[in-house]
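Here's the structure we're looking at; comments come further down.
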Amino acid sequence: MRPSAIGPARRSVGMILKTAPMLTLLTSAVAQVPRPSLEVIQASIPQLLYQRTLPAPNRSPNLGASQSGNAGLTLSSDGARLAAYVLDGLQIMTWSPDGTYKRAIPRYTSFGLDAYVLKFIAGHHLLITSPAAETNDPEAWRKIEDIAFSVMDPETGKVLHNVPGPNPGHRANENVAVDMTVSPDEHFVAVIFRGFTRGRVAVFSTDDWHQVSALDLHNGDKGDDLDPLAIAFSPDNRTLAIAHGLFGRIKLYEVGSWKLVRTITTFPEAPPPADVLLVDAISFSPDGSMVAVASHGGGSWWKLDDHVVAEGTGVLRRFFPADPLRVFRVEDGERVAALGSFPGGLGSSSQLTWLAKGDCVAFLDGVGDIRLWKPFAPGYSAVVARMGSNSRTILASKDSSRLFANSPDGVAIFDIIQAHSGIAQ
94 MRPSAIGPAR RSVGMILKTA PMLTLLTSAV AQVPRPSLEV IQASIPQLLY QRTLPAPNRS
154 PNLGASQSGN AGLTLSSDGA RLAAYVLDGL QIMTWSPDGT YKRAIPRYTS FGLDAYVLKF
214 IAGHHLLITS PAAETNDPEA WRKIEDIAFS VMDPETGKVL HNVPGPNPGH RANENVAVDM
274 TVSPDEHFVA VIFRGFTRGR VAVFSTDDWH QVSALDLHNG DKGDDLDPLA IAFSPDNRTL
334 AIAHGLFGRI KLYEVGSWKL VRTITTFPEA PPPADVLLVD AISFSPDGSM VAVASHGGGS
394 WWKLDDHVVA EGTGVLRRFF PADPLRVFRV EDGERVAALG SFPGGLGSSS QLTWLAKGDC
454 VAFLDGVGDI RLWKPFAPGY SAVVARMGSN SRTILASKDS SRLFANSPDG VAIFDIIQAH
514 SGIAQ
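Dropping the structure here:
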């Protein structure tokens, strides 16, 4: 199905969401939330022009006619390759953005749904994956149970390295990496391990794949026993940010020394009873001076009889936190912008990115709409494409001339067009 791009003159089209993040209603805020017209919002915000979809198989190899979609979409630093998991994580597709190159490589494992991490390094010549066996047999599968991640040749699918987790000889859920970020100079890979693992974050050198640091996230504060949920290197290669703790705490570590230099409490307000506010998404601005964060729920949702309904029907209600997307200055932790009036619930950092000029944030909201927002100019976000609730990743090219988003049938590619100019950025 072709995604729906939305131009300046097109009115919003509603979408029904079958599932949504846990929401806590702000009882004092109901009915209409005032906002400018769609045309006013979009007048200063870039638009998307749909170009093509890179096809991918959309089926489950073990569940008959069930759909698998794709996951883990990633873009190489040289812009030459895209990659994503397909067939429930048992295969990896790689493409060139222009569609002239396409390759499928197997990922041998007894359980494909443990496909958590996928990153290119060395341009597009190496691919970091979740644990992959060298051969497709039970004995080979057993050998990767204590592996954190693997390194492959994306051309041949050959496993070049299997990097051990922190608990050799133990089960996969005590060793596997579930989130990953690569430093801009590609010297380091930082990972979050599965929740059953002590010492939840580690840093590895890409020179020989040895562990250079295990970060201690515990400083005695309440909530330190919670799992880290997001991780990101800053583009200036100076800072590693980890979302960890109550009230949306972001812990900033100095790259190299790996010492904690600052903690930013991004959602200091007390949540409603029985609710816990956590940050699931982090993205640094291109110069590394700002960090955008998003909570796991909140925002504004169209509701009818306690069900999420199509936009423009039912009642528009605000949930805690009302402004689930916020921007902070890294230097002093000062909040500089916040956004509400959209369905919150960004589930990972793959749903949040800055464009190259540093004045615009792109994100996938809780119903799978791609939105653009200028945090340093007054106004709301604008819906620029509707991908659907199965879309979980958006990526921008290094020059922000293109935007990539996964969809059930492949990878949708858009040109980013300057507002009202008709010229690609």
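Read in the numbering used here, the sequence shown has 399 at position 306, and its numbers run on one by one without any break. Beta carbons are placed, not taken as given, at the ideal position from N, Cα and C, and that holds for glycine. Treat the numbers as computed from the prediction; the structure is a model and nothing was measured.
### Query
Which word fits P436, buried or exposed, when buried means at least 16 other C-beta atoms lie within 10 angstroms of its C-beta?
buried
### Message
What residue range does the beta strand (DSSP E) around W395 cover?
### Response
G392 to L397
### Message
Buried or exposed for A325, going by 16 or more other Cβ atoms inside 10 Å?
### Response
buried
### Message
Distance check for L371 and S327, CA to CA, integer angstroms please.
### Response
21 Å
### Task
Excluding the 5 residues preceding and the 5 following S429 in the sequence, name in chain order all residues of the same chain whose CB lies nearer than 6 Å to its CB.
According to the sequence shown, residue 429 is Val rather than Ser. If we look at V429 and ignore the five residues flanking it on each side, its Cβ neighbours are V420 and R422.
### Residue interval of the beta strand (DSSP E) (run including E347)
R342 to E347
### Sufficient close CB pairs (3 or more, under 8 Å) joining the segment 246 to 254 to the segment 272 to 287
no
#### Entry: Short Cβ contact (8 Å threshold) for I343 with V408
no
### Beta-carbon spacing of A374, A323 below 8 Å
yes
### Query
From which residue to which residue does the alpha helix (DSSP H) around K236 run?
P231 to K236
### Query
Can V294 and I335 be called in contact, C-beta distance under 8 Å?
yes
### Task
Give the single residue among T486, P321 and N255 whose Cα lies nearest to the Cα of M303.
Going by the sequence as given, residue 303 is His instead of Met. Answer by Cα proximity: N255.
### Task
Any chance you could list the beta strand (DSSP E) runs of at least 3 consecutive residues sitting entirely within the segment 295 to 373, in chain order?
304 to 308, 323 to 326, 332 to 336, 342 to 347 and 353 to 358
### Query
By a C-beta neighbour count over all protein chains shown, 10 Å radius and 16 as the cutoff for buried, is V296 buried or exposed?
buried
#### Entry: Three-state secondary structure (DSSP) of L168
strand
### Query
When you compare only the Cα positions, how much space is there between P364 and E347?
30 Å
### Task
In angstroms with no decimal places, state the Cα-to-Cα distance between V463 and E232.
In the sequence on display, residue 463 carries Ile and not Val. Near 44 Å, if we compare the C-alpha coordinates of E232 and I463.
### Ranges of the alpha helix (DSSP H) found wholly within the segment 390 to 442, counting only runs of at least 4
none
### Secondary structure of N260, DSSP reduced to three states
coil
### Query
Would G459 pass as a contact of G405 if the rule is Cβ separation under 8 Å?
no
### Query
If we ignore side chains and look at the alpha-carbon of each, how far apart do D207 and G182 end up?
7 Å
### Task
Return the residue from the list I509, L418, Q184 and S443 that minimises the CA-CA distance to G390.
L418
### Message
Given this structure, state the Cα-to-Cα distance separating F497 from R152, to the nearest angstrom.
### Response
21 Å
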